[in-house]
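Its first residue numbered 54, the sequence shown is counted upward by one per residue in my numbering.
In this text, a Cβ means the ideal position worked out from N, Cα and C, and glycines have one as well.
None of these values were measured; they are calculated from a predicted model.
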Amino acid sequence: MPNETVSVQREAIVARVRSHARALVFPGIVLVAVAAAVGFYFGSFAEDWQNLALLTAGLVLIVFAWFLPYFSWLARNYTITTRRVVLSSGVFIRVRQELLHSRGYDVTVRQTWVQRMFGSGDLLINAGHDYPVVLRDIPSVSLTQAALHDLMENNQNVVSMRRQREESQPSDETTVWGTR
């Protein structure tokens with residue numbers, strides 16, 4: 054058996070991306086407004102239960118209008134490596150999906166006028182499934198699209214070179230008309 058040098062390409066992280074932080078502007082405004090309103094009106098009611106009801110309503114509003122959107126934004130991230138794209142989401146139930154660059158896929162950018170103003174957009178990756186995988190509202194979407202094209206091209210070249218090498222080597226077995 055001849056000595057073969059096998060080149061192992063290490064997987065390196067190219068980018069870690071989340072949705073644009075613009076999604077947290079409205080929850081941030083709600084947080085500040087509710088905190089200011091509760092701070093201003095707390096203690097101004099004659100009955101203690103009214104002050105407690107104001108505090109409870111403020112906390113419930115903060116939980117639903119700031120806490121949940123913030124942690125849902127924080128729990129969804131996309132990791133692009135030299136070999137694959139990894140989509141992770143979820144707080145209590147974690148979902149992880151991987152797309153290999155070597156398989157090949159189409160990359161499409163979809164932008165609204167607000168996303169164009171901020172340079173963000175939705176990146177649709179069509180890997181031949183029923184529906185495309187969507188990286189929602191990521192910043193620097195055109196740079197990410199170009200990087201994915203380059204990574205996919207590099208990985209397909211590595212796979213095709215490996216296939217050519219395997220096909221060019223003679224087989225250990227001799228096949229004659231379907232019998233061995």
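Next on the checklist: One question on the structure: do residue 70 and residue 119 come within less than 9 Å of each other, judged by their Cβ atoms?
Outcome noted: What you label residue 70 is simply residue 17 of the sequence shown in a count that begins at 1. What you label residue 119 is simply residue 66 of the sequence shown in a count that begins at 1. The answer is no: Cβ separation not under 9 Å.
Next on the checklist: Just to confirm, is the Cβ distance from residue 201 to residue 144 under 9 Å?
Outcome noted: Position 148 of the sequence shown, counted from the first residue, corresponds to residue 201. Position 91 of the sequence shown, counted from the first residue, corresponds to residue 144. No, the pair does not count as a contact, with Cβ atoms beyond the cut-off.
Checklist entry - Just curious, the beta strand (DSSP E) that residue 68 is in, first and last residue? => result Mapped onto the sequence shown, residue 68 falls at position 15. Residue 68 -> beta strand (DSSP E) spans 66-70.
Item to check | For residue 184, three-class secondary structure by DSSP | outcome: Taking the sequence shown and counting its residues from 1, one reaches residue 184 at position 131. In the structure shown, residue 184 sits in coil (DSSP, three-state: anything other than H, G, I, E or B).
Checklist entry - Where residue 244 and residue 197 are concerned, what is the direct C-alpha to C-alpha distance, given to the nearest angstrom? => result Because the chain here runs from 54 to 233, residue 244 falls outside it and cannot be looked at.
Checklist entry - Quick one: what does DSSP say residue 115 is sitting in, helix, strand or coil? => result Working through the sequence shown from its first residue, we reach residue 115 at position 62. Residue 115: helix per DSSP, three-state reduction.
Next on the checklist: My assumption, with CB atoms under 8 Å, is that residue 148 sits in contact with residue 176. Please give the rounded CB distance.
Outcome noted: Stepping through the sequence shown from its first residue, residue 148 is reached at position 95. Stepping through the sequence shown from its first residue, residue 176 is reached at position 123. Actually they do not touch by this definition, with Cβ atoms about 18 Å apart.
Next on the checklist: Please give the ranges of any beta strand (DSSP E) in the stretch 152-200, keeping only runs that are unbroken, at least 3 residues long and fully inside the region.
Outcome noted: 159-163, 173-179 and 186-192
Next on the checklist: I'd like to confirm the pairing. Which residues does DSSP put opposite residue 131 in its beta bridges?
Outcome noted: Taking the sequence shown and counting its residues from 1, the one referred to as residue 131 is at position 78. Its beta-bridge partners are 70 and 140.
Checklist entry - If you count every other CB in all the chains shown that lies within 10 Å of the CB of residue 167, and 16 or more means buried, which is it? => result The sequence position of residue 167 within the sequence shown is 114, counting from 1. The residue is exposed, with fewer than 16 neighbouring Cβ atoms inside 10 Å.
Checklist entry - Could you give the distance in angstroms between the alpha-carbon of residue 124 and the alpha-carbon of residue 85? => result Here residue 124 refers to the residue found at position 71 when the sequence shown is read from its first residue. Here residue 85 refers to the residue found at position 32 when the sequence shown is read from its first residue. A direct Cα-Cα distance of roughly 17 Å separates residue 124 from residue 85.
Next on the checklist: Among 151, 169, 204 and 199, whose alpha-carbon lies nearest the alpha-carbon of residue 185?
Outcome noted: By one-based count along the sequence shown, residue 185 stands at place 132. Cα-wise, what sits closest to residue 185 is 151.
Checklist entry - Along the chain, where does the alpha helix (DSSP H) that runs through residue 98 open and close? => result In the sequence shown, residue 98 corresponds to position 45, counting from 1. Unbroken run through residue 98: none, as it is neither H nor E.
Next on the checklist: Tell me which residues share the same chain as residue 127 and place their Cβ nearer than 8 Å to its Cβ, disregarding the 5 neighbours each side in the sequence.
Outcome noted: The residue given as residue 127 occupies position 74 in the sequence shown. So the qualifying residues of the chain are 71.
Next on the checklist: Please report the straight-line C-alpha distance between residue 180 and residue 96, rounded to a whole angstrom.
Outcome noted: Within the sequence shown, residue 180 is the residue found at index 127, counting from 1. Within the sequence shown, residue 96 is the residue found at index 43, counting from 1. One Cα belongs to residue 180, the other to residue 96, and the distance between them is close to 59 Å.
Item to check | Option nearest residue 169 by Cα separation, candidates 156, 182, 157 and 191 | outcome: Taking the sequence shown and counting its residues from 1, the one referred to as residue 169 is at position 116. Among 156, 182, 157 and 191, the Cα nearest to that of residue 169 belongs to 191.
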